[in-house]
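The next block holds one structure in the form of structure tokens; read it before the comments.
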Amino acid sequence: GIQVEQSPPDLILQEGANSTLRCNFSDSVNNLQWFHQNPWGQLINLFYIPSGTKQNGRLSATTVATERYSLLYISSSQTTDSGVYFCAVEQAAGNKLTFGGGTRVLVKP
Amino acid sequence: GAVVSQHPSWVICKSGTSVKIECRSLDFQATTMFWYRQFPKQSLMLMATSNEGSKATYEQGVEKDKFLINHASLTLSTLTVTSAHPEDSSFYICSARRTGWDTEAFFGQGTRLTVV
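Each protein sequence line maps, in turn, to chains A and B.
Take any residue in the first sequence, note its place counting from 1, add 7, and you have its number in the numbering used here.
Take any residue in the second sequence, note its place counting from 1, add 1, and you have its number in the numbering used here.
Listed below in structure tokens is the structure:
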């Protein structure tokens, strides 16, 4: 099956710093999503981004499908950005999502 | 937006008993729902795909007789953990997509199961 690797596995940031999270995948995909898992376990949809670039406030994402990677940018980080960030890919429409291992982010005040 | 509601949020049960978890799509219809399991500090692993009106499809290594899935309507799927044991303690999360729309998946808030 498809392999999804996220880096770095852990990230400690000072409040106000910028960061980039990476997601590499081993095969072509039909869909890619980024999620933020909060301390209570809820997965929050950040981006649905099979290709191209999207921005939402301080967050933006870019997927280069031909090179099989996606990047999530966090700018001016805040303590509320702490949590685990997952990317997940889908190989065929309506099919299951395969998750990466996640990046655990801690933003210190 | 698309809202998926899961109930209960947490449950503690005795070893040997069964527990039912519900997953509802509140404002859309979902022909297919997915059940995931997450152990502490690990990623989400797909357990099974729930199909409305037909049998669920289980991932390799997941016991279908232990994790019973029923998808009786376009807005409700249930996961029943039968004869639960302490090793079944985990975080269970469901997801759904809007039938006929794009493939963006939305997730419930999860159910933390503790078997004592």
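In this text, a Cβ means the ideal position worked out from N, Cα and C, and glycines have one as well.
So with Cβ pairs under 9 Å, would you call residue 105 of chain A a contact of chain B?
In the first sequence, counting from the first residue as 1, residue 105 of chain A sits at position 98. It does; some Cβ of chain B falls within 9 Å.
What residues of chain A sit near residue 68 of chain B, judged by a beta carbon separation below 8 Å?
Residue mapping note: residue 68 of chain B aligns to position 67 of the second sequence, counting from 1. None at all; the shortest Cβ gap to chain A is about 16 Å.
Short check: CB of residue 16 of chain B to CB of residue 117 of chain B, under 9 Å?
The residue you call residue 16 of chain B lines up with position 15 of the second sequence. The residue you call residue 117 of chain B lines up with position 116 of the second sequence. Their beta carbons are under 9 Å apart, which means residue 16 of chain B touches residue 117 of chain B by this criterion.
Name the chain A residues whose beta carbon is nearer than 8 Å to that of residue 94 of chain B?
By one-based count along the second sequence, residue 94 of chain B stands at place 93. Within 8 Å Cβ-Cβ: 48, 50.
Within 8 Å, do at least three Cβ pairs link the region 79 to 99 of chain B to the region 32 to 49 of chain B?
Touching, per the Cβ criterion.
Give a yes or no on whether 9 Å exceeds the smallest Cβ distance from residue 57 of chain B to chain A.
Within the second sequence, numbered from 1, the residue matching residue 57 of chain B stands at position 56. Taking Cβ atoms only, chain A never reaches closer than 9 Å to residue 57 of chain B, which makes this a no.
For the beta strand (DSSP E) that contains residue 52 of chain B, what are its first and last residues?
As a first step, residue 52 of chain B must be located in the second sequence, where it is residue number 51. 45 to 52 is the extent of the beta strand (DSSP E) around residue 52 of chain B.
Within its chain, find whatever has a CB closer than 6 Å to the CB of residue 28 of chain B; leave out the 5 residues flanking it on each side and keep chain order.
On the second sequence, residue 28 of chain B is found 27 positions in, with the first residue counted as 1. The answer, listed in chain order, is 4.
Which stretch, first to last residue, makes up the beta strand (DSSP E) that contains residue 35 of chain A?
Working through the first sequence from its first residue, we reach residue 35 of chain A at position 28. First-last for residue 35 of chain A: undefined, no H or E at that position.
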